[in-house]
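Colleague: The opening position of the sequence shown corresponds to residue 5 in the working numbering, with each subsequent residue numbered one higher.
For glycine and all other residues, C-beta sits at the position ideal for the given N, C-alpha and C.
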Amino acid sequence: MVNIIHSVQGYHSKTIHFLNVAFDSSGDSLLAGDRQGNIYVFDLNANRFNLVQRTMQACTALAFNLRRKTEFLVALADFSVKCFDTGTQELVSWMRGHESSVSSISVHGSGKYAITTSTDTAQLWDLDTFQRIRKLNVHQSVGIQKVLGVLSQDNIMRFINIETCKLLFDIGSPEEGISTAVISPNGRYIASVMENGSLNLYSVQALTQEGNKPPPFTFKVVEDGPKYTSEANKLITKVTSERSKGPWKSKQSKIQSRLLKLQANTSLENKENELPGGLNKKRLQALLKGFGEYPAKYRMFVWRSLLQLPENHLAFSSLIDRGIHSAFVNIQKEYPIKSGKLLRVLQRTLSALAHWSAIFAETPYMPLLAFPFVKLFQNNQLICFEVVATVVVNFCQHWFEYFPNPPINVLGMMENVLAHHDKELLQHLIKYHVTSQVYAWPLLETLLSEVLTREEWLKAFDNIFSNHPSYFLMIVIAYVICSRAPLLHCNQAADFEYFFHHRNNVDINVVIKEAYHLMEATPLDIHPQQMLDDFTPLTKGQYPVFNKYPMFIVNYQAQKWEKIRQDEIEYLRERQLAHESEAKAQEQKAEDEAWYQRQKLLQEAEEQRQKILLEEEKLAEQRQRLAVVKRELKVKELQLLDASRRRFLNYHQDQLQMELKHLDDEIARKASMRQQETNAVQDTEPESQKQLFEQHLIQDQEAVTKEMKEEVEAHQRKMDLEDQRVQRLMEIDQEEIQKAQTVAEENLARAAQKHTDTDWRPRHDEQDQEKCYREIATLLHDNRVREAELLKAMREAEEKKQEDVVQHKAQLEEEQKVAAAADGHRKQFLDDRMNDELELAEKMQREDGCFERLCDLKARCTERGVEVQQVPGSGNISLNDLSTLASSLHKNVFAPRDGADRSRAELARRERELMAEVRRLRRRITSRARARLPPAPSPATACSP
Numbered sequence: 005m006v007n008i009i010h011s012v013q014g015y016h017s018k019t020i021h022f023l024n025v026a027f028d029s030s031g032d033s034l035l036a037g038d039r040q041g042n043i044y045v046f047d048l049n050a051n052r053f054n055l056v057q058r059t060m061q062a063c064t065a066l067a068f069n070l071r072r073k074t075e076f077l078v079a080l081a082d083f084s085v086k087c088f089d090t091g092t093q094e095l096v097s098w099m100r101g102h103e104s105s106v107s108s109i110s111v112h113g114s115g116k117y118a119i120t121t122s123t124d125t126a127q128l129w130d131l132d133t134f135q136r137i138r139k140l141n142v143h144q145s146v147g148i149q150k151v152l153g154v155l156s157q158d159n160i161m162r163f164i165n166i167e168t169c170k171l172l173f174d175i176g177s178p179e180e181g182i183s184t185a186v187i188s189p190n191g192r193y194i195a196s197v198m199e200n201g202s203l204n205l206y207s208v209q210a211l212t213q214e215g216n217k218p219p220p221f222t223f224k225v226v227e228d229g230p231k232y233t234s235e236a237n238k239l240i241t242k243v244t245s246e247r248s249k250g251p252w253k254s255k256q257s258k259i260q261s262r263l264l265k266l267q268a269n270t271s272l273e274n275k276e277n278e279l280p281g282g283l284n285k286k287r288l289q290a291l292l293k294g295f296g297e298y299p300a301k302y303r304m305f306v307w308r309s310l311l312q313l314p315e316n317h318l319a320f321s322s323l324i325d326r327g328i329h330s331a332f333v334n335i336q337k338e339y340p341i342k343s344g345k346l347l348r349v350l351q352r353t354l355s356a357l358a359h360w361s362a363i364f365a366e367t368p369y370m371p372l373l374a375f376p377f378v379k380l381f382q383n384n385q386l387i388c389f390e391v392v393a394t395v396v397v398n399f400c401q402h403w404f405e406y407f408p409n410p411p412i413n414v415l416g417m418m419e420n421v422l423a424h425h426d427k428e429l430l431q432h433l434i435k436y437h438v439t440s441q442v443y444a445w446p447l448l449e450t451l452l453s454e455v456l457t458r459e460e461w462l463k464a465f466d467n468i469f470s471n472h473p474s475y476f477l478m479i480v481i482a483y484v485i486c487s488r489a490p491l492l493h494c495n496q497a498a499d500f501e502y503f504f505h506h507r508n509n510v511d512i513n514v515v516i517k518e519a520y521h522l523m524e525a526t527p528l529d530i531h532p533q534q535m536l537d538d539f540t541p542l543t544k545g546q547y548p549v550f551n552k553y554p555m556f557i558v559n560y561q562a563q564k565w566e567k568i569r570q571d572e573i574e575y576l577r578e579r580q581l582a583h584e585s586e587a588k589a590q591e592q593k594a595e596d597e598a599w600y601q602r603q604k605l606l607q608e609a610e611e612q613r614q615k616i617l618l619e620e621e622k623l624a625e626q627r628q629r630l631a632v633v634k635r636e637l638k639v640k641e642l643q644l645l646d647a648s649r650r651r652f653l654n655y656h657q658d659q660l661q662m663e664l665k666h667l668d669d670e671i672a673r674k675a676s677m678r679q680q681e682t683n684a685v686q687d688t689e690p691e692s693q694k695q696l697f698e699q700h701l702i703q704d705q706e707a708v709t710k711e712m713k714e715e716v717e718a719h720q721r722k723m724d725l726e727d728q729r730v731q732r733l734m735e736i737d738q739e740e741i742q743k744a745q746t747v748a749e750e751n752l753a754r755a756a757q758k759h760t761d762t763d764w765r766p767r768h769d770e771q772d773q774e775k776c777y778r779e780i781a782t783l784l785h786d787n788r789v790r791e792a793e794l795l796k797a798m799r800e801a802e803e804k805k806q807e808d809v810v811q812h813k814a815q816l817e818e819e820q821k822v823a824a825a826a827d828g829h830r831k832q833f834l835d836d837r838m839n840d841e842l843e844l845a846e847k848m849q850r851e852d853g854c855f856e857r858l859c860d861l862k863a864r865c866t867e868r869g870v871e872v873q874q875v876p877g878s879g880n881i882s883l884n885d886l887s888t889l890a891s892s893l894h895k896n897v898f899a900p901r902d903g904a905d906r907s908r909a910e911l912a913r914r915e916r917e918l919m920a921e922v923r924r925l926r927r928r929i930t931s932r933a934r935a936r937l938p939p940a941p942s943p944a945t946a947c948s949p
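(1) Suppose the cutoff is 7 Å on Cβ atoms and the five residues either side in sequence are ignored; what does the same chain contact list for Arg326 look like?
(2) Give a yes or no on whether the C-beta atoms belonging to Phe53 and Leu34 are separated by under 7 Å.
(3) Counting only runs of 4+ residues fully inside the region 491 to 554, write out the alpha helix (DSSP H) ranges in chain order.
(4) Take the Cβ of Val6 as the centre, count every other Cβ of all protein chains shown within 10 Å, and call the residue buried at 16 or more, exposed below.
(5) How many angstroms separate the CA atom of Arg778 from the CA atom of His656?
(6) Quick check: what's the CA-CA separation for Ser676 versus Leu696?
(7) Just to confirm, is the Cβ distance from Val378 to Thr353 under 7 Å?
(8) Would you check if the region 394 to 405 and the region 533 to 541 touch, i.e. whether three or more CB-CB distances between them fall below 8 Å?
(9) Give me the residue from Phe305, Val809, Pro371 with the minimum Cα distance to Glu335.
(10) Report the rounded CA-to-CA distance for Thr19 versus Phe134, giving the unit in angstroms.
(11) Taking 8 Å as the cut-off, does the region 478 to 490 touch the region 421 to 429 (at least 3 CB pairs, one atom from each stretch)?
(12) Specify, as a first and last residue, the run of the beta strand (DSSP E) that Thr184 falls within.
(13) How would you label Trp764, buried or exposed, when you count the other beta carbons within 10 angstroms and need 16 or more for buried?
(14) Helix, strand or coil: how does DSSP classify Phe173 here?
(15) Under 8 Å, with one C-beta from each stretch per pair, do the region 522 to 532 and the region 500 to 509 reach the 3-pair mark?
(16) So what's Val151 in DSSP terms, helix, strand or just coil?
(17) For Ala576, which residues in the same chain have their Cβ closer than 6 Å to its Cβ, ignoring the five residues on either side in sequence?
(18) Quick one: Cα of Gly181 to Cα of Glu199, how far?
(19) I believe Ala464 touches Leu452 by the beta-carbon criterion, under 8 Å. Please report the beta-carbon distance rounded to the nearest angstrom.
(20) Among Ile387, Leu347, Asn383, which one has its Cα closest to the Cα of Phe375?
(21) So who's on the other strand from Ile109, going by DSSP bridges?
(22) My output table needs one value for Trp129: the three-state DSSP class, helix, strand or coil.
(23) In angstroms with no decimal places, state the Cα-to-Cα distance between Gln745 and His785.
(24) Looking at the secondary structure, which residues open and close the beta strand (DSSP E) in which Asn54 lies?
(25) Just to confirm my understanding: we take Ser122, look at its own chain, exclude 5 residues before and 5 after, and list those with CB closer than 7 Å. What are they?
(26) Under the three-state reduction of DSSP, which class applies to Arg162: helix, strand or coil?
(27) With Thr19 as the anchor, note down where its beta strand (DSSP E) starts and where it stops.
(28) In angstroms with no decimal places, state the Cα-to-Cα distance between Pro410 and Lys285.
(29) Restricting to Cα atoms, I'd like to know which of Met734, Glu717, Gln385 is closest to Glu641.
(30) CA-CA distance, Gln546 and Asn316?
(31) Can you tell me whether Leu55 is buried or exposed, with buried defined as 16 or more other CB within 10 angstroms of its CB?
(32) If you draw a straight line from the C-alpha of His812 to the C-alpha of Met712, how long is it?
(33) Within 10 Å of its beta-carbon, does Gly869 have 16 or more other beta-carbons around it, so buried, or fewer, so exposed?
(34) Measuring alpha carbon to alpha carbon, tell me which of Trp403, Lys588, Glu586, Leu630 ends up nearest Tyr553.
Following this line, the structure appears as structure tokens:
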């Protein structure tokens with residue numbers, strides 16, 4: 005049929021070998037696994053394949069006949085067994101337990117259990133829970149039990165009939181050897197993995213006509229009569245068989261021989277009763293009379309033998325290939341069957357019958373007649389079709405001669421038999437107008453399936469198939485006679501109809517026995533056997549022509565139905581056109597409504613845009629006013645800052661001028677005092693000391709003056725730099741305001757342009773307009789946020805300014821306190837030093853005998869307003885007093901005295917120390933005055949609004 009090769013094209017082309025193959029339970033699909041762990045599923049009916057799993061390792065065994073049809077088992081090279089789903093391609097379960105490679109997987113017929121076999125063990129698994137139930141040791145070989153297929157050492161697979169020792173056929177060749185092979189459950193296909201890695205698929209029907217037959221029964225029959233045991237009655241027969249020559253090869257025939265014992269006393273009658281499969285009809289009838297039914301295990305096989313089914317695969321395939329007949333396309337509406345599979349099998353069987361003979365497409369009761377056999381043979385559609393066809397040809401004789409009416413002639417025969425055997429019951433039925441179409445035809449057209457249970461129906465048809473076709477009519481009459489008691493109590497037509505359409509309390513064994521009695525006791529002139537033909541099986545190869553019906557009626561009815569179907573198709577087409585027109589109208593209406601809705605939304609959006617533009621204009625005016633107010637506030641603030649700065653500068657300059665004036669006055673006063681003292685002591689003080697002292701004073705004055713000028717100039721430069729920074733920040737702020745206005749104007753222009761474009765494209769640019777509105781809203785929101793941030797920054801700047809003023813004021817107060825404390829300490833220090841000098845002078849006076857001179861010094865100091873106390877820290881002294889004291893000391897103490905050179909040198913050193921202290925005090929005053937100046941405004945403060 006087909007040769008499958010998995011090749012990989014590329015730089016290095018290669019063939020990936022298949023390793024294992026397995027059929028599903030229907031035999032229409034198979035799995036194949038290659039060396040790389042790829043699992044493919046091949047659908048033979050649909051002629052397609054699909055990659056369902058990548059296991060990434062070689063598979064050693066496959067099984068595809070699980071209870072859940074989409075699941076399969078695969079044994080892998082790591083000794084594990086996995087279950088996958090072909091639909092979802094997901095892992096269902098992972099089973100471990102083998103210690104060597106799994107060579108085979110066998111699934112139970114129910115699909116619930118599986119046995120995985122390796123070289124040392126076999127393990128039984130529950131496929132519902134995927135748990136291991138038993139672990140079996142494999143130590144004994146299993147005998148061959150089956151129609152036998154042997155894969156020989158020469159890689160050729162031979163199929164042998166073990167009953168006749170006949171070689172049926174073989175597949176494979178020494179050049180194209182077979183590695184492994186499997187047979188589909190329905191026996192239609194053989195899939196083999198070749199040694200070259202390809203996958204071959206064979207049709208059993210094309211290879212042999214006997215490949216799908218089950219093994220025959222073995223019976224031991226004891227017969228009376230003479231036994232011929234002589235050697236003359238034993239025949240030695242050599243059976244010669246040639247292997248089938250397929251279209252692909254031709255091989256030399258082989259001869260096999262076997263001794264067959266043939267009974268010499270086989271009569272002609274026995275030959276006529278011989279059935280296919282080695283069965284005998286007489287023996288089966290005897291077995292049936294003894295047990296009442298056939299064994300359930302072998303019933304289907306016995307039926308196939310009794311009916312002598314030809315199993316015409318090609319003819320049936322040609323009928324199936326025609327597809328579903330138009331009369332049974334919608335059969336599920338009339339017969340709603342839960343099982344989808346059962347419905348499909350029924351649909352295909354009825355379609356095949358209709359394609360075989362046109363009468364069956366017009367017969368309304370055909371689904372009722374065929375359904376029991378469809379349910380029995382749903383897994384083998386060929387057998388199902390041939391059983392139904394055989395029943396129709398043999399057990400439904402003369403049914404279609406009065407079509408479309410019931411078979412009046414057959415019903416008349418049955419009424420004659422009933423009148424002969426039970427006239428009282430027939431009179432009762434006639435009395436209430438119950439004809440044979442009420443009490444016999446419902447049982448015939450349903451083949452008793454409505455009034456019998458499954459077991460009763462099977463038992464009944466065991467007897468029907470084993471007897472003449474007239475027995476079927478007799479068993480129906482027997483059912484009516486055995487039900488005479490309840491029928492005699494019925495007096496309503498509805499009761500009779502109900503009785504023959506439902507199950508009743510009737511013993512089927514009694515009915516069967518009564519049917520045999522009717523077969524024997526009915527006179528020949530009214531016996532149905534005289535009017536019905538003997539059983540005739542279907543012909544082999546092609547099915548017989550079935551035309552035992554009024555052709556013109558069927559043709560007329562077929563034409564009528566065809567016209568009705570055409571009218572229905574036309575009606576459906578017109579209705580479809582009407583639905584389409586209505587749908588188009590509804591769609592147009594919806595589009596119109598949507599257009600009007602969009603126009604309404606556009607109008608509302610336009611109104612909203614106008615409102616937004618008005619708000620935008622108001623907002624622009626507010627922004628302009630705010631900008632003006634901000635500029636005014638900034639100008640005022642700058643003016644205030646400038647006025648404050650200038651006022652502070654004036655104040656600072658006044659302070660500096662006052663300090664300079666004070667220093668000049670002090671210097672002039674000290675110079676005047678020095679001049680007076682110089683004049684007073686010019687006779688006694690050396691000129692060199694005077695010039696040195698004046699030089700020191702001039703240097704001190706120049707240093708102080710220069711220092712003050714440098715400070716004034718540095719402060720002036722700093723203020724100029726601050727003015728420049730403030731001016732630059734004002735310019736930057738103005739530029740930012742202008743940029744913001746420019747951006748806002750551009751956004752407004754773009755929004756206006758988009759609005760203009762929207763007016764031209766009202767139905768296509770709604771999103772652009774909404775985007776424009778969102779941009780305008782975003783700009784408005786951003787402007788509001790910026791204004792809020794500006795106001796917040798202004799408030800923060802004002803608060804910071806107030807905090808700076810408060811902080812500066814507190815700092816000045818603190819510095820004043822510190823300066824006051826420093827003045828107190830300094831005065832205390834000067835008083836201590838002055839007292840120390842006075843004590844030293846008194847000591848020197850005591851030592852030099854100049855006590856009177858010291859008294860004069862004290863008196864002169866008192867006259868000049870200088871308080872000199874002995875206790876340190878008890879009085880105050882000023883800078884002027886210190887200078888006066890120094891001058892007086894210079895004048896009086898350093899006046900030349902006889903015998904006091906050492907004391908004068910000491911006093912000169914003291915004078916220099918005092919002058920140095922005076923200079924340090926001046927510098928401290930200058931630094932303190934500088935510290936009192938307010939700090940220059942920082943850039944961050946200057947740029948804040």
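Modeller: Well, looking at it:
(1) His359
(2) no
(3) 497 to 503, 512 to 525
(4) exposed
(5) 58 Å
(6) 16 Å
(7) yes
(8) yes
(9) Here the sequence assigns Ile to residue 335, which means Glu is not the residue at that position. That would be Pro371, whose Cα lies nearest to the Cα of Ile335.
(10) 35 Å
(11) yes
(12) 182 to 187
(13) In this prediction, Trp764 has a pLDDT of 48, which is less than 50 and means its spatial position is unreliable; what the coordinates show is noted afterwards. Its Cβ having fewer than 16 others within 10 Å, Trp764 is exposed.
(14) strand
(15) no
(16) coil
(17) In the sequence as displayed, the identity of residue 576 is Leu instead of Ala. Within the same chain, Leu576 has no close Cβ partners at all.
(18) 5 Å
(19) 6 Å
(20) Leu347
(21) Thr120
(22) strand
(23) 15 Å
(24) 52 to 58
(25) His102, Ser104, Ser105, Val106, Ser107
(26) strand
(27) 18 to 20
(28) 32 Å
(29) Met734
(30) 7 Å
(31) exposed
(32) 23 Å
(33) Bear in mind that the predicted position of Gly869 carries a pLDDT of just 47, short of 50, making it unreliable; the figure below should be weighed with that in mind. It counts as exposed.
(34) Trp403
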